[in-house]
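Residue numbers (UniProt numbering): 1 to 202.
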């Protein structure tokens, strides 16, 4: 486990078959946490095969990412230290995600050069829940979770939890979402605009 003294950021990683379970714990509940984590994993060449992210009632964040290197390399202490250093810079060093990505122009170019695929996006509100469910299905490629979390961050939408599963080259992401003020997304105001924005980048 890697811990930052005086800063509540903890990383641990254990093998899980041919992949790794990377746990990120941070007791700093604010919008954009998943946005920053997915940006760092994308830059470091880790494909997220499955992910579960949750916020406890007391604001403690625990994200578990099932990751595999795009080049098939194993997770080393050097990789883990590099991920931790970049996350620390984003959470506590005043570095924005866009400035962080500007230091990795090859990753930005890779996103621009992606093959366009039309995602299926479903948004719905349940009467028995205080959050909005978003279900997204599309062909898998590196950077998807980063791009989704970026759009949600820009819309002021908080990700309460999400689960991403990849199977046979197809990805299905299910998100629980809430606005910064604690309410669900408005079906008339937000659904169409959010779908348009996601379609534009995905």
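Just so you know, even glycine gets a beta-carbon here, dropped at the ideal spot from N, CA and C. A quick note: this is a predicted structure, and the numbers were derived from the prediction, not measured.
Query	Result
Taking Cβ to Cβ, would you say residue 160 is nearer than 9 Å to residue 148?	no
Suppose contacts are defined by Cβ-Cβ distances below 9 Å. Is residue 26 in contact with residue 10 by that definition?	yes
What do you reckon, are the CB atoms on residue 14 and residue 44 nearer than 9 Å?	no
Please classify residue 165: is it buried, with 16 or more other beta-carbons within 10 angstroms of its beta-carbon, or exposed?	exposed
Counting Cβ pairs, one atom from each stretch, are 3 or more of them under 8 Å apart for the segment 128-143 and the segment 168-175?	yes
By Cβ distance below 8 Å, which residues in the same chain neighbour residue 155 in space, the five residues on each side in sequence not counted?	190, 193, 194 and 197
How is residue 139 classed by DSSP in three states: helix, strand or coil?	strand
Go to residue 125, then tell me how far its beta strand (DSSP E) extends in each direction, as first and last residue.	120-125
Would you kindly work out how many angstroms separate the C-alpha atoms of residue 18 and residue 67, rounded to a whole number?	9 Å
Taking the alpha carbon of residue 107 as the point to measure from, which residue in 92, 185, 41 and 23 has its own alpha carbon closest?	41
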